[in-house]
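In this note's numbering, the protein residues as written are 188 to 502.
What follows is the structure, given as structure tokens:
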């Protein structure tokens, strides 16, 4: 094997960096550095957006939650956990927490069931498939303010559409029925949006599975239970998290339809945070409730994801 003499090796080492012959290892490292820089360059706009509008507000709310900062306090004063302990004695917070829990329990499974039914029907319909899909998805296109006004008209006593069923109904004016009126509206608004995901999931199921089930004499319900629903579990896992977060982040319809009334029977956590922070200017208490809401949603999402992900079949 030919080797370089000491003088030749010294001259090669003395060459400028641009004229030195690159080894395969150098080329591989350079390629990895380019790939890494390209990846960070692509992610940078999203990271800036996430940091500006998500991470920074959360950290800011966490810091403010330890301070007393209201109209009676000129300079914010550190009070530790008093904002959090004060929530335990706040009846409106307790009522809002219960209302949000009721909305989540009633809207998440109901809207998912409606979305699955609409997706299965839309996927099998032959004539007018585009019209059917548009009709089911149309409520999603409407802004929440428009939806709230539509249902406000439906629930209006005497001349509203609901009054034709029972003229004595005062759905939004009765503390016992107001929350249920909002739950019906939320299911109507959300089901069409969730249907799109299920429709995409249905189209990804291999047709060979249905052909084999048909040969085995499987009925529609058996086919749905043994093939369709198990194959839709990844979609359901994603959709459940979306529906859960949607149940806790609606404000528009409350502001237009009930403003949390009557007697806080429809008040919810995010709207109560808005009231405390912007109507009463108690930013310390509002920040504490914000952190509680974030921790609640994050905990529920993580528990559900990590418990159901192991049972989910990914094709």
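Beta carbons: idealized from backbone N, C-alpha and C, even for Gly.
Tell me whether residue i sits in a helix, a strand or coil according to DSSP, three-state version.
i           : result
residue 346 : coil
residue 285 : helix
residue 214 : helix
residue 483 : helix
residue 253 : coil
residue 467 : coil
residue 412 : helix
residue 357 : coil
Measure how close the beta-carbons of residue i and residue j come, nearest whole angstrom, since I'm counting them as under 8 Å.
i           : j           : result
residue 247 : residue 459 : 19 Å between Cβ atoms; not a contact.
residue 133 : residue 327 : Residue 133 lies beyond the stretch modelled for the chain, which goes from 188 to 502, so this question has no answer here.
residue 513 : residue 472 : Coverage of the chain is limited to positions 188 through 502, which leaves residue 513 absent and any answer about it impossible.
residue 286 : residue 488 : Between residue 488 and residue 286 the Cβ distance is about 20 Å, and since that is not below 8 Å, they are no contact.
residue 325 : residue 379 : 7 Å
Could you check which residue in the options has the C-alpha nearest to that of residue i?
i           : options               : result
residue 321 : 393, 429 and 305      : 305
residue 377 : 437, 232, 314 and 265 : 437
residue 470 : 358, 264, 404 and 398 : 264
residue 421 : 498, 368 and 228      : 498
residue 368 : 250, 419, 475 and 440 : 440
residue 393 : 419, 457 and 242      : 419
residue 442 : 296, 225, 335 and 259 : 335
residue 288 : 313, 466 and 457      : 457
residue 296 : 468, 451, 486 and 428 : 428
residue 259 : 399, 405 and 468      : 468
residue 450 : 229, 397, 365 and 400 : 365
residue 386 : 303, 399, 404 and 218 : 303
What does a CB cutoff of less than 8 Å around residue i pick up in its chain, not counting 5 residues either side in sequence?
i           : result
residue 425 : 384
residue 350 : 343, 344 and 356
residue 390 : 310
residue 319 : 308, 309 and 312
residue 476 : 274, 280, 456, 459, 460 and 463
Using the Cα positions of residue i and residue j, report the straight-line distance between them to the nearest angstrom.
i           : j           : result
residue 402 : residue 323 : 32 Å
residue 455 : residue 256 : 22 Å
residue 231 : residue 215 : 24 Å
residue 479 : residue 493 : 21 Å
residue 359 : residue 281 : 21 Å
residue 299 : residue 233 : 30 Å
residue 330 : residue 249 : 31 Å
residue 407 : residue 307 : 11 Å
residue 222 : residue 210 : 19 Å
residue 409 : residue 416 : 10 Å
residue 447 : residue 227 : 44 Å
residue 301 : residue 462 : 33 Å
residue 372 : residue 338 : 7 Å
residue 444 : residue 411 : 39 Å
residue 496 : residue 434 : 22 Å
residue 212 : residue 240 : 41 Å
residue 466 : residue 352 : 38 Å
residue 485 : residue 261 : 34 Å
residue 382 : residue 317 : 14 Å
residue 271 : residue 277 : 10 Å
residue 217 : residue 243 : 35 Å
residue 269 : residue 432 : 27 Å
residue 354 : residue 315 : 37 Å
Sorted by chain position, which residues of the same chain lie with C-beta nearer than 6 Å to residue i's C-beta, five sequence neighbours on each side aside?
i           : result
residue 491 : none
residue 474 : 248, 251 and 252
residue 464 : 470 and 473
residue 388 : 419 and 422
Residues in its own chain within less than 7 Å of residue i by CB, not counting five upstream and five downstream?
i           : result
residue 370 : 290, 293 and 294
residue 482 : none
residue 396 : 414
residue 196 : The predicted position of residue 196 is uncertain, since its pLDDT is 47 and thus under 50; no value can be drawn from it.
Compute the minimum distance between the beta carbon of residue i and the heavy atoms of the ligand NAP, and state whether it is under 6 Å.
i           : result
residue 439 : As far as ligands go, the structure on display features none, and thus does not contain the ligand NAP.
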